[in-house]
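Q:
Numbering (this note's numbering), first residue to last: 1 to 76.
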């Protein structure tokens, strides 16, 4: 999925549909495979990660557990 793609979400039918034609999807797939070992991974980018985000990341539980802070990870 890329920025600008249209996605249909149908909650009652439990469906998510990407409105992109097969030819475009095939071209995107080829472009990813051409990246070799980096295929299907985020592109590198320079960014500053704030102290608050690093602190949250070190204490947060996984998404399936709510991504909440787990104070027991502090130790002591």
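Don't be surprised by glycine CBs; every beta carbon is placed ideally from N, CA and C. Since we're looking at a predicted model, the values are computed, not measured.
Roughly how many angstroms separate the alpha carbons of residue 70 and residue 40, rounded to a whole number?
A: Looking at the two C-alpha atoms, the distance is approximately 30 Å.
Q: Contact check, residue 5 vs residue 25 under 8 Å by CB: the rounded distance?
A: At roughly 10 Å, the Cβ-Cβ gap does not stay under 8 Å, so residue 5 and residue 25 are not in contact.
Q: State the Cα-Cα distance for the pair residue 35 and residue 44, rounded to the nearest angstrom.
A: Going by the C-alpha atoms only, they are around 12 Å apart.
Q: Which partner residues of residue 17 appear in the DSSP bridge assignment?
A: 8, per the DSSP bridge assignment.
Q: Just confirm the distance between the C-beta atoms of residue 38 and residue 59, as a whole number of angstroms; I'd bet it's less than 8 Å.
A: Not confirmed; about 30 Å, so no contact.
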